[in-house]
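Chemist: Shown below is the structure under consideration.
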Amino acid sequence: MGVHFASYTEARAKLKELLDAAERGRSATVRRDDRTAAVVDGERLRYFLARICPSNAQVVAEDGGWSVFIPGLPVAADGRTFDEAIDEMIDALREYAEDWQDHLLDAVNHRDNWGLVQMICLSSDDQLREWLIGAAQ
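In structure tokens:
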């Protein structure tokens with residue numbers, strides 16, 4: 024059974040119990056006014072989001088180098104080598120996530136990228152590389 028706190032004051036008093044539940048994968052929620060917030064282990068969330076949000080990255084060899092883009096996302100990168108292009112794409116994804124949190128989260132054509140941004144923020148560079156090239160999660 025999960026843990027559910029009716030107020031953030033109660034959750035703050037039992038923070039260890041809340042975090043322990045989240046770490047174990049149990050349902051862990053906090054009620055605040057008319058909203059419920061879920062506390063989730065970051066690695067579990069990252070793994071889940073990476074699985075349901077495949078990158079669908081397109082990597083193309085062109086003009087003696089490589090280009091990487093993700094259809095439907097305004098992010099692209101180029102490099103002389105495949106690895107350099109992927110490294111540049113990781114940087115571009117991190118910049119997009121920062122821009123999203125700064126001002127794009129309310130833009131109609133970007134607000135639905137919440138899950139993608141969370142996955143980017145929770146991932147290491149190696150995890151993003153695996154996500155981009157289709158390696159095991």
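Using my numbering, the first residue of the sequence shown is number 24, and each one after it goes up by one.
Note that beta-carbon positions come from the ideal geometry of N, C-alpha and C, so glycine has one too.
Only a predicted model underlies this, so the values are computations on that prediction, with no experimental measurement involved.
Apart from the five residues just before and just after Pro2, which ones in its own chain have a Cβ nearer than 8 Å to its Cβ?
Modeler: This structure leaves residue 2 out entirely; the chain is present only between 24 and 160.
Chemist: Using only the alpha-carbon positions, how far apart do Arg134 and Tyr119 sit?
Modeler: Taking the straight line joining both Cα atoms gives about 12 Å.
Chemist: Closest by CA to Asp13, which one among Glu46, Asp64, Ala100, Tyr31?
Modeler: Because the chain spans 24 through 160 in this model, residue 13 falls outside it and cannot be assessed.
Chemist: Out of curiosity, what's the CA-to-CA distance linking Asn136 and Trp123?
Modeler: Approximately 8 Å, taken between the alpha carbons.
Chemist: Leaving out the 5 sequence neighbours to the left and right, which residues in its chain are closer than 6 Å to Phe105 when beta-carbon positions are compared?
Modeler: The answer, listed in chain order, is Trp89.
Chemist: Looking at C-beta atoms only, is the number of pairs between the segment 61 to 72 and the segment 141 to 160 that lie closer than 8 Å three or more?
Modeler: Yes, the segment 61 to 72 touches the segment 141 to 160.
Chemist: Under a three-way DSSP split, which group does Arg58 fall into?
Modeler: Residue state, collapsed to three classes: strand.
Chemist: Buried or exposed, going by whether 16 or more other CB atoms sit within 10 Å of the CB of Ala84?
Modeler: Result: exposed.
Chemist: Leu42: which of Ala61, Arg152, Arg117 sits nearest, CA to CA?
Modeler: Per the Cα distances, Ala61.
Chemist: Considering just the uninterrupted stretch of the alpha helix (DSSP H) at Asp64, what are its terminal residues?
Modeler: Unbroken run through Asp64: none, as it is neither H nor E.
Chemist: Quick one, which of Leu151, Gly138, Asp149, Ile156 has its alpha-carbon nearest Cys76's?
Modeler: Of the listed residues, the one whose Cα sits closest to Cys76 is Gly138.
Chemist: Tell me the DSSP secondary structure of Val131 in three-state form.
Modeler: Coil, per DSSP.
Chemist: Straight-line CA distance for Ala45 to Gln141?
Modeler: If you take the alpha carbons of Ala45 and Gln141, they lie about 17 Å apart.
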